[in-house]
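Have a look at the structure below, then the notes.
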Amino acid sequence: MKLKLTLAFLIICWSKMLACSCAYEPDFQTKEDLEEYRFIAHVKVQGVEAAEGIDSEWPIHQMNFELLELYKGAPTKEILVSGSHPSLDGWTSCDLAERADEEWIIFGYYDSHKEKLITGYCTRSKRIKRANGFEDLKYPNQLTLKKKLQQVFDKKTNQPTYEGARIVYYPNGTKQLEEHYENGVLNGKRLLYYPNETLQSIQQYSNGAKTGKFKWYSDKEQLTKTETFKNNFPVDTTLIWHEIDTSYMSLKIYSGLNNVAMEEAKSILAKPSLCIQRIFNEQGELLSNITYYQNGIKNDEHLYFPDQKKEHIRYYYKNGTLRSELYKENGLNTGVYKDWDEQGKLLRSWEYDEKGEVIEGSRKDY
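My numbering numbers the first residue of the sequence shown as 405 and each following residue consecutively.
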């Protein structure tokens, strides 16, 4: 089975808790890329319950749902879910954490031992709308997971057209979206909101194309991202910040993983800190991508040379010391690889040939 689960934990810049680490699944393009799944559908969760009569050492529960659109498999209204649930006994870092009235795209495979369909955290299953109506709209006409599945499985859709001001509301009556169309094309300012009425994003469009500076905020009104566009292409600098989170769980995790006291963890996590910096040229080509630890130190640095199809990569320790350095050309490793210890002492190196393979006899330990 392709769906391999590991219990390694990780923290990424937008995480608020420990998360499962799953085997990488490349983006799908065809039906054949999704052969491992027996069931794929857009559903609305109606509730969860304990999975009765299921023999499993790993926690499992059952999700009940309303079927909104079926892409693959036979119609059903229930599926097993690997992991526990807040409403049931137990907790794992690999819980799907679905809630009633949420909308999900569910990818389920057939478990021959349990003779049931099952899904879980390490499948492609994804929440697309929360119970309060919030959905990740981001940009208009973006290829969402639902749209992509409709294309792959040849589902006919009617694309609506708009004219003039368009305002969309959440179920609680607050604004979700404000935008304006001229001759059926998006023009001017576009505003996105959270259900609590705080601003999510300010955007600008000219004849349907993204233009100028876009700003993104958390539902606590913290600036989380800025990016600049020119005729739909990203240009200049994109900045993404770590979300401020000083909850007990976040402090405990950061304190444990970084071996610092809770007070020091709080002083670090309470400050706005840069997570990612990307720089683009005028053609929208990526020139550099740098990620940062929450203490402000570089985590890794990727420098791109589009004309030469080359890449220079550096990784760093949390104390700022260079950890490793490598080069790529046309996607293949090239040149000399080196890595160092946390005190800056060179540990080892080797060279790559034109095929991206290590040259025999080039390995050196220092």
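Each residue gets a CB set at the ideal place from its N, CA and C atoms; glycine is no exception. Only a predicted model underlies this, so the values are computations on that prediction, with no experimental measurement involved.
Residue-chain proximity (residue i, chain D), Cβ-Cβ < 9 Å
i, result
"I458", "Going by chain labels, chain D is absent from the structure shown, which holds only one protein chain."
Where the beta strand (DSSP E) containing residue i begins and where it ends
i, result
"N545", "Per DSSP, N545 belongs to no beta strand (DSSP E) and is neither H nor E."
"T628", "L627 to K634"
"R772", "Outside the displayed span of the chain (405 to 770) sits residue 772, for which this structure offers no information."
"W744", "L736 to W744"
"Y618", "For the record, residue 618 in the displayed sequence is Phe; it is not Tyr. Here the beta strand (DSSP E) through F618 covers G616 to Y621."
"Q747", "Run containing Q747: none; DSSP gives neither H nor E here."
"W645", "F637 to W645"
"L474", "I464 to K476"
Beta-carbon proximity check, residue i vs residue j, cutoff 9 Å
i, j, result
"Q712", "Y696", "no"
"P710", "L690", "yes"
"R524", "S486", "The sequence given here places Gly at residue 524; Arg does not occur at that position. Closer than 9 Å, so yes."
"V639", "N591", "no"
"Y475", "H517", "no"
"E647", "T628", "yes"
"Q607", "K593", "yes"
"W508", "E502", "yes"
"S692", "L673", "no"
Residue i in three-state terms, based on DSSP
i, result
"E755", "strand"
"V664", "coil"
"E506", "coil"
"Q607", "strand"
"A669", "helix"
"L500", "coil"
"E733", "strand"
"D437", "helix"
"Q555", "helix"
"K533", "strand"
"I701", "coil"
"Y585", "strand"
"K593", "strand"
"L678", "strand"
"I657", "helix"
"Y513", "strand"
Straight-line Cα distance separating residue j from residue i
i, j, result
"S397", "K768", "In the structure displayed, the chain extends from 405 to 770; residue 397 sits before or after that span and is not available."
"F511", "K550", "12 Å"
"K732", "K560", "43 Å"
"V449", "E506", "6 Å"
"Y721", "V664", "16 Å"
"I717", "L581", "40 Å"
"L541", "S610", "19 Å"
"M467", "T527", "15 Å"
"L547", "S753", "43 Å"
"I483", "Y741", "47 Å"
Inter-residue CB distance, residue i and residue j (contact presumed, cutoff 8 Å)
i, j, result
"A455", "H465", "5 Å"
"G588", "E567", "6 Å"
"N636", "K614", "5 Å"
"K759", "L736", "7 Å"
"Q747", "P676", "Not confirmed; about 31 Å, so no contact."
"T650", "K624", "Contact flag wrong, Cβ pair sits at about 11 Å."
"K749", "V556", "Not confirmed; about 51 Å, so no contact."
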